[in-house]
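Below: the structure, in structure tokens.
Residue numbers (the numbering used here): 175 to 366.
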């Protein structure tokens with residue numbers, strides 16, 4: 175069996191669903207204008223190397239009007255830019271962290287290592303929850319900031335914090351829990 179350092183990293187694709195990638199106009203613009211391009215590039219590279227890719231879908235089943243509720247198949251569906259291919263597994267979650275998706279930890283562990291690269295949405299919510307929990311569980315987490323995106327939020331005083339500022343803050347807050355990297359630098363950071 176290969177040592178962990180020689181095993182390919184897992185790409186964890188979180189919540190890249192039509193309803194999030196395209197967004198509701200009421201949410202305002204999302205961050206990361208090159209999100210789709212960067213996601214496609216990373217998926218193409220992972221697939222060309224036959225490295226493991228695991229997809230996560232968020233089903234907001236307890237929020238009947240949420241566009242990523244499975245009751246809305248069009249917006250719940252995985253975005254075309256990130257659509258699974260071949261035997262790539264899809265896990266459905268109902269909480270912020272992907273590690274609560276039934277079978278995900280077992281799937282990651284079945285590859286014999288814990289080096290996990292995260293891309294997807296929303297940086298300030300599900301990406302944040304997943305990365306923190308992954309670190310707590312002992313996984314070696316990497317976050318590709320320009321293959322993740324966020325929407326703006328309101329601060330505690332009700333002021334609008336734009337999408338890019340929200341995303342930058344969310345990614346920076348993950349630095350103690352993961353290696354923060356970019357589409358261009360991820361290979362070097364992974365040791366390839």
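The beta carbon of each residue, even a glycine, is placed where N, CA and C say it ideally should be. A quick note: this is a predicted structure, and the numbers were derived from the prediction, not measured.
Proximity of residue i and residue j at Cβ, strictly below 8 Å
i	j	result
residue 205	residue 337	yes
residue 302	residue 348	yes
Beta-bridge pairing of residue i - partner residues as DSSP gives them
i	result
residue 334	328
residue 204	325
residue 191	252
residue 318	355
residue 184	290
residue 230	188 and 265
Whole-angstrom distance between residue j and residue i, CA atom to CA atom
i	j	result
residue 343	residue 184	25 Å
residue 228	residue 328	32 Å
residue 278	residue 265	7 Å
residue 196	residue 225	27 Å
residue 366	residue 300	28 Å
residue 232	residue 243	8 Å
residue 325	residue 234	17 Å
residue 331	residue 259	44 Å
residue 341	residue 180	32 Å
residue 203	residue 309	30 Å
Rounded distance between the beta-carbons of residue j and residue i, thought under 8 Å
i	j	result
residue 313	residue 333	Not really, about 35 Å apart at Cβ, beyond 8 Å.
residue 281	residue 230	Residue 281 to residue 230, Cβ: 11 Å. No contact.
residue 250	residue 191	6 Å
Proximal residues to residue i (C-beta, below 7 Å), its chain only, five neighbours per side dropped
i	result
residue 175	Unreliable placement is indicated for residue 175, whose pLDDT of 39 sits below 50; no coordinate value is reported for it.
residue 214	255
residue 194	242, 295 and 296
residue 320	206, 208, 212, 356 and 357
Contacts around residue i, its chain only, beta-carbon distance under 8 Å, and the 5 residues preceding and following it disregarded
i	result
residue 318	212, 216, 291, 292, 293, 355, 356, 357 and 360
residue 305	292, 315, 317, 348, 351 and 352
Residue i CB to nearest heavy atom of the ligand ZN below 7 Å
i	result
residue 245	With respect to the ligand ZN, the structure shown offers nothing to examine, as it has no ligands at all.
Sequence-distant residues of its chain with Cβ nearer than 6 Å to residue i (five each side left out)
i	result
residue 182	225
residue 220	185 and 227
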